[in-house]
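Heads up: the sequence shown runs through residues 197 to 353, numbered per the working numbering.
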Amino acid sequence: MENESYTIVGYNEIPDTDIRNNAALLNADLEELEACLEKKSLRYARQQERLERLQQSLKNTQEDIRVLKMILRYVEIYHCMGQNRGFIPHKDIFRFFMRASEVYDELCHRLHCHINYKYFCRAIHLCYHLDSRVRRNGHDNLSVFTVLGYFKREREE
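And the structure:
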């Protein structure tokens with residue numbers, strides 16, 4: 197073998213680094229950690245908001261179930277008693293909805309909850325025959341949606 201020289205770098209040799217370069221790297225790492233902390237904090241705040249909305253939604257759903265059970269029980273009792281649907285002539289519909297609005301307010305006050313208009317109007321539609329102004333083949337009573345419209349109009353006044 198010819199004279200070949202190999203340079204072996206030992207473990208005892210420390211690479212030459214500039215102190216300012218290390219400080220810059222440390223600052224960059226700190227900034228990155230602070231940015232990560234800020235992102236996580238914002239994410240946590242958004243998750244808290246979503247959780248609060250979800251909990252409110254669960255509470256509202258639970259209240260809706262309670263109200264629906266009461267309405268269903270009322271309608272079943274009404275029909276089990278053998279009572280026919282009450283007939284309301286078209287000329288008395290506005291007065292009927294004025295009274296229905298008062299009953300709605302009283303129920304909400306007594307039950308300490310808000311009753312969904314749709315549920316209340318469905319119960320009205322099930323228990324009362326509201327005479328329609330227009331006579332069509334087999335459709336002489338108001339639809340659920342028309343009942344809801346009359347009820348909303350009365351609530352706005």
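All C-beta atoms in this analysis are idealised placements derived from N, C-alpha and C, irrespective of residue type, glycine included.
- Taking all protein chains shown into account, A319 has 16 or more neighbouring C-beta atoms within 10 Å of its C-beta and is therefore buried.
- Residue pairing by DSSP places L326 opposite I284 in a beta bridge.
- Our two residues, R246 and S253, have alpha carbons roughly 10 Å apart in a direct line.
- As computed with DSSP, N337 is found in a beta bridge with D327.
- In this structure, the alpha-carbon of Y346 lies about 13 Å from that of N337.
- Annotation: the continuous alpha helix (DSSP H) that includes M294 extends over I289 to L307.
- Put simply, the backbone Cα of L326 is about 14 Å away from that of R295.
- A direct Cα-to-Cα measurement between C232 and E248 gives close to 24 Å.
- For M277, the three-state secondary structure derived from DSSP is coil.
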